[in-house]
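Trainee:
Protein chains: 2
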Amino acid sequence: MNKIDVALICKALSDSNRLEIVQMLSDGEKCGCKLLERFEITQPTLSYHMKTLVESGLVNDRKEGKWHYYSLNTEHFVQFKKFIEALGCENSAGETDGCCRC
Amino acid sequence: MNKIDVALICKALSDSNRLEIVQMLSDGEKCGCKLLERFEITQPTLSYHMKTLVESGLVNDRKEGKWHYYSLNTEHFVQFKKFIEALGCENSAGETDGCCRC
DNA sequence: TAAATATATAGATGATTATCAATGTGAGGG
DNA sequence: CCCTCACATTGATAATCATCTATATATTTA
Numbered sequence: 027m028n029k030i031d032v033a034l035i036c037k038a039l040s041d042s043n044r045l046e047i048v049q050m051l052s053d054g055e056k057c058g059c060k061l062l063e064r065f066e067i068t069q070p071t072l073s074y075h076m077k078t079l080v081e082s083g084l085v086n087d088r089k090e091g092k093w094h095y096y097s098l099n100t101e102h103f104v105q106f107k108k109f110i111e112a113l114g115c116e117n118s119a120g121e122t123d124g125c126c127r128c
Numbered sequence: 027m028n029k030i031d032v033a034l035i036c037k038a039l040s041d042s043n044r045l046e047i048v049q050m051l052s053d054g055e056k057c058g059c060k061l062l063e064r065f066e067i068t069q070p071t072l073s074y075h076m077k078t079l080v081e082s083g084l085v086n087d088r089k090e091g092k093w094h095y096y097s098l099n100t101e102h103f104v105q106f107k108k109f110i111e112a113l114g115c116e117n118s119a120g121e122t123d124g125c126c127r128c
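As given, the protein sequences belong to chains A and B, one line each in that order. Going by the working numbering, the first sequence opens with residue 27, and the numbers climb by one from there. Going by the working numbering, the second sequence opens with residue 27, and the numbers climb by one from there.
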C-alpha cells in the first residue's frame, strides 16, 4: 500500500458520517437501508458516501436481490492500519535495536 | 479523541504531500525551508499545508529566530492511532473474552 | 402486469480545497 | 539603515466535495 492509496483512504475517513458508517460496519455487514435509518441524510447522499468508501477500497459491496450489503474490506483495512502505525515512527538505518521510539 | 477530531486529522492526511511531510517529521523536527526543498511546490503552498497540519493537532510549530521548526505532536498522534486501531474492531458487550476479531 | 422498495444517476448549488503570483512581516547581517 | 531570508497573508482560480431534488433502474410482491 502506497502513499496515494493511504491518502485516498484518509480522504474517505475525513467525513464524520463516513467515519460513523465504518464504525457501524465493524459490527458486521449491513444493508444500505439499515445504514440510512441512522443518519439525517437523504438516500442519494448515502449512496454517494458509500461509493466514496467502496472506491477507497475500505468497504465491500455485495448485491443480493434488491439490497446492497456493505462490509469492511478487512485485508485493505489491516494494511491501512499498518501504514498508519508505522507513520510517525523513525525507521532510520542508524537504529541499533530495530525499534522505533514510538 | 472524538469522531470530529479524527475526521480532521484524516483530512489533514488525505493529501499525499502532507502525508510525506508527516513521514519526514517522524525523523525529528525540521524547519520549513528544509521541507520546502523536498517538494515541487511554492512556499505559500507549503505554508498552507503546514497550517492544515498544525490545525489538525498533528504537528507542532516552534519558532526560533526567523525559522519555524515543525515536529509531530506525539501525544495527539498516539491517540489518533489508537482510534484507528480500534476502528473496524467489534467492541460489542456480547464478547466474552473482551477481545475483538481483528 | 402494476405497485412498491432499494438503490443509482443526473443536474444543480454553495462550500471547501489546492495551488499560484504578489505582497506583507519580522528577524539578522553587513 | 537597507538588504536578504524565512515565513505568512491576500486574492484569484479551477477543481472537488457534500448535499439536495428529481428521475431512472432493478427487483420483489400483490
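Built from N, CA and C at the ideal position, the CB exists for glycine as well.
Taking the C-alpha atoms as reference points, what is the distance between residue 109 of chain A and residue 88 of chain A?
Mentor: Taking the first sequence and counting its residues from 1, one reaches residue 109 of chain A at position 83. Taking the first sequence and counting its residues from 1, one reaches residue 88 of chain A at position 62. The alpha-carbon atoms of residue 109 of chain A and residue 88 of chain A are separated by roughly 27 Å.
Trainee: Would the segment 50-66 of chain B count as touching the segment 61-68 of chain A if we require 3 or more Cβ pairs under 8 Å?
Mentor: Flag = no, the segment 50-66 of chain B and the segment 61-68 of chain A do not touch.
Trainee: Does the beta carbon of residue 113 of chain A sit closer than 8 Å to a beta carbon anywhere in chain B?
Mentor: Here residue 113 of chain A corresponds to residue number 87 of the first sequence, with the count starting at 1. By this cut-off, residue 113 of chain A is an interface position.
Trainee: Could you pull the start and end residues of the beta strand (DSSP E) that residue 3 of chain B belongs to?
Mentor: The structure shown has nothing for residue 3 of chain B, since chain B only spans 27 to 128.
Trainee: How many whole angstroms separate the CB atoms of residue 85 of chain A and residue 74 of chain A, which I take to be in contact at a CB cut-off of 8 Å?
Mentor: Taking the first sequence and counting its residues from 1, the one referred to as residue 85 of chain A is at position 59. Taking the first sequence and counting its residues from 1, the one referred to as residue 74 of chain A is at position 48. Not confirmed; about 13 Å, so no contact.
Trainee: Distance, Cα to Cα, residue 124 of chain B vs residue 111 of chain B?
Mentor: Taking the second sequence and counting its residues from 1, one reaches residue 124 of chain B at position 98. Taking the second sequence and counting its residues from 1, one reaches residue 111 of chain B at position 85. Per-residue confidence for residue 124 of chain B stands at a pLDDT of 35, beneath the threshold of 50, marking its modelled position as unreliable; no derived number is given.
Trainee: Among B/47, B/83, B/77 and B/31, which one has its Cα closest to the Cα of residue 113 of chain A?
Mentor: Your numbering for residue 113 of chain A matches position 87 in the first sequence. Among B/47, B/83, B/77 and B/31, the Cα nearest to that of residue 113 of chain A belongs to B/47.
Trainee: So, are the CB atoms of residue 45 of chain A and residue 29 of chain B less than 8 Å apart?
Mentor: For the purposes of this step, residue 45 of chain A is taken as residue 19 along the first sequence, with counting starting at 1. For the purposes of this step, residue 29 of chain B is taken as residue 3 along the second sequence, with counting starting at 1. Contact: yes.
Trainee: So which residues of chain B does residue 57 of chain A contact, with C-beta pairs closer than 8 Å?
Mentor: By one-based count along the first sequence, residue 57 of chain A stands at place 31. Here the premise fails: no neighbours, minimum Cβ distance about 18 Å.
Trainee: Any residues in the segment 91-106 of chain B with a beta carbon nearer than 7 Å to a beta carbon of chain A? Which ones, in chain order?
Mentor: The residues in question are 98 and 103.
Trainee: Against chain B, does residue 69 of chain A count as a neighbour if the rule is that its beta carbon must be under 8 Å from one of theirs?
Mentor: The count along the first sequence starts at 1 and reaches residue 69 of chain A at position 43. Output row for residue 69 of chain A: interface = no.
Trainee: Among residues of its own chain, excluding the 5 on either side of residue 78 of chain B, which ones have a beta-carbon nearer than 6 Å to its beta-carbon?
Mentor: For the purposes of this step, residue 78 of chain B is taken as the residue at position 52 of the second sequence. Around residue 78 of chain B: 38.
Trainee: Look at residue 41 of chain B and residue 83 of chain B and say whether their C-beta atoms are less than 8 Å apart.
Mentor: In the second sequence, counting from the first residue as 1, residue 41 of chain B sits at position 15. In the second sequence, counting from the first residue as 1, residue 83 of chain B sits at position 57. Contact flag unset, no.
Trainee: Roughly how many angstroms separate the alpha carbons of residue 101 of chain A and residue 34 of chain A, rounded to a whole number?
Mentor: Sequence index remark: in the first sequence, residue 101 of chain A carries index 75 (1-based). Sequence index remark: in the first sequence, residue 34 of chain A carries index 8 (1-based). When rounded, the distance between both Cα atoms is 16 Å.
Trainee: Closer than 7 Å between beta carbons: that is the criterion. Which residues of the segment 39-56 of chain A meet it against chain B?
Mentor: For the segment 39-56 of chain A, which is checked against every Cβ of chain B, the residues closer than 7 Å are 39, 40, 41, 42, 45, 46, 48, 49, 52 and 53.
Trainee: Using the beta-carbon of each residue, which ones in chain B are nearer than 7 Å to residue 32 of chain A?
Mentor: The count along the first sequence starts at 1 and reaches residue 32 of chain A at position 6. What residue 32 of chain A touches in chain B: 45.
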